[in-house]
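Residue numbers (the working numbering): 337 to 671.
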């Protein structure tokens, strides 16, 4: 960079930001126009299905007609036109979702529409994909791994200390790490190295507001040296997050060690404007009663989370969520 560019670096960066903003706006406008078009076609076909009995054979003829008159055009197969009809029918009575639908790509909208079962779940993924700017494969992975169900289950398990410092939708009860492809058996060293090697996918799972700061993070207390497995900074929480990795069940003594690390981070590493540090003890499994006893008198903002190296069936997670909902409803009715 020459001296002139260096002198005007902040001004030049402002121009770069204007260019980036214009590109994002143009991309959004193009996508919104396409979603509006597909919505209009879906509405037309849906109305014709009701009024004139249009079915799949008619839609197939429509597709062929479009391709004949617009050779080379993409996105107008019989299957996609039928999806446009389903898209309109799914959201036609929910005008409040119009902005979210336009903020998501057609591929993302299709994944959400076809893979979710309830309005609440659809709204959740529409907001998530819009906020995180997910690509289609990233969104598909989150839906298939039961992200929504796991989040809802986490909400019911977050201890008071962690729920005050970090809502359960930020630090969850269970994480899916199937992408690590760990050998059996594996050591804590293997787990950590696999996470470091797949950090992009790990951040997708734990949340993109986590910024990786380092492994074996050094803490000196007195004359002794200590090392936390992984250290992150969370942009929304504005705090340090220490993650300790375990390949066995949760043990109460793990909590004492984490408390020590958080105290050291808050005293020696945390900046004055940042919030108190948060801890995650990531275990292969945990006994809920042991966790409850360990946390009952503990005021440290620490979450004991499980991880799975193989995906749990989405259907199993849905069943667990349904059971939890039924229990909550029964408790309300009995009061």
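For each residue, glycine too, the CB sits at the ideal point set by N, CA and C.
Secondary-structure assignment with DSSP links residue 370 through no beta bridge to anything. Residue 586: not part of any beta strand (DSSP E); DSSP gives it neither H nor E. The three-state secondary structure of residue 458, taken from DSSP, is helix. Spatial neighbours of residue 394 in its own chain (CB-CB distance under 8 Å, excluding positions within 5 residues in sequence) are listed in chain order as 384. The Cβ-Cβ distance between residue 445 and residue 433 does not fall below 8 Å. Assignment of residue 509 by DSSP, reduced to helix, strand and coil, places it in the coil class.
Looking at the backbone, the Cα of residue 452 and that of residue 458 are separated by about 6 Å.
Closest in C-alpha terms to residue 572, from the list 535, 612 and 591, comes 612. Relative to the Cα of residue 637, the nearest Cα in the group 601, 464 and 400 belongs to 601. Proximity to residue 450 across 435, 644, 470 and 427 peaks at 427, based on C-alpha coordinates. In the three-state reduction of the DSSP assignment, residue 465 falls in the helix class, which pools H, G and I.
Residue range 560-570 is occupied by the beta strand (DSSP E) that includes residue 567. As computed with DSSP, residue 621 is found in a beta bridge with 585. In the structure shown, residue 551 falls within a strand segment according to DSSP collapsed to helix, strand and coil. Around the beta carbon of residue 358, fewer than 16 other beta carbons lie within 10 angstroms, which makes this residue exposed. Judged by beta-carbon spacing, residue 586 lies beyond the 8 Å limit of residue 579, meaning their Cβ atoms are not closer than that value. Of all alpha-carbon atoms in 435, 560 and 373, the one lying nearest the alpha-carbon of residue 596 is that of 560. For residue 406, there is no enclosing beta strand (DSSP E), as DSSP marks it with neither H nor E. Linking residue 392 to residue 401 through their CA atoms gives a straight-line distance of about 14 Å. By alpha-carbon distance to residue 368, the top candidate from 467, 435 and 430 is 435. For residue 638, the secondary structure class from DSSP, reduced to helix, strand or coil, is strand. Between residue 470 and residue 625, the alpha-carbon positions lie close to 37 Å from each other. Under DSSP, residue 644 forms a beta bridge with 512. In the DSSP annotation of this structure, residue 519 is not part of any alpha helix (DSSP H), being labelled neither H nor E. Residue 439 is positioned such that its CB atom lies closer than 8 Å to that of residue 466. Between residue 543 and residue 648, the CB-CB gap reaches or exceeds 8 Å. DSSP places residue 573 outside both helix and strand once states are collapsed to three, so it counts as coil.
Comparing alpha-carbon positions, the option among 530, 654 and 545 lying closest to residue 464 turns out to be 545. In this structure, the straight-line span from the alpha carbon of residue 653 to that of residue 345 is close to 51 Å.
Rounded to whole angstroms, the Cβ separation of residue 539 and residue 530 is 14 Å, and the two are not in contact under 8 Å. Of the candidates 375, 388, 592 and 608, the residue whose Cα lies closest to the Cα of residue 442 is 375. Shown here, residue 615 sits in a strand according to DSSP, grouped into three states. With contacts defined as CB atoms closer than 8 Å, residue 515 and residue 535 fail to qualify as a contacting pair. The beta carbon of residue 460 is closer than 6 Å to those of 484 in its chain, skipping five residues each way along the sequence.
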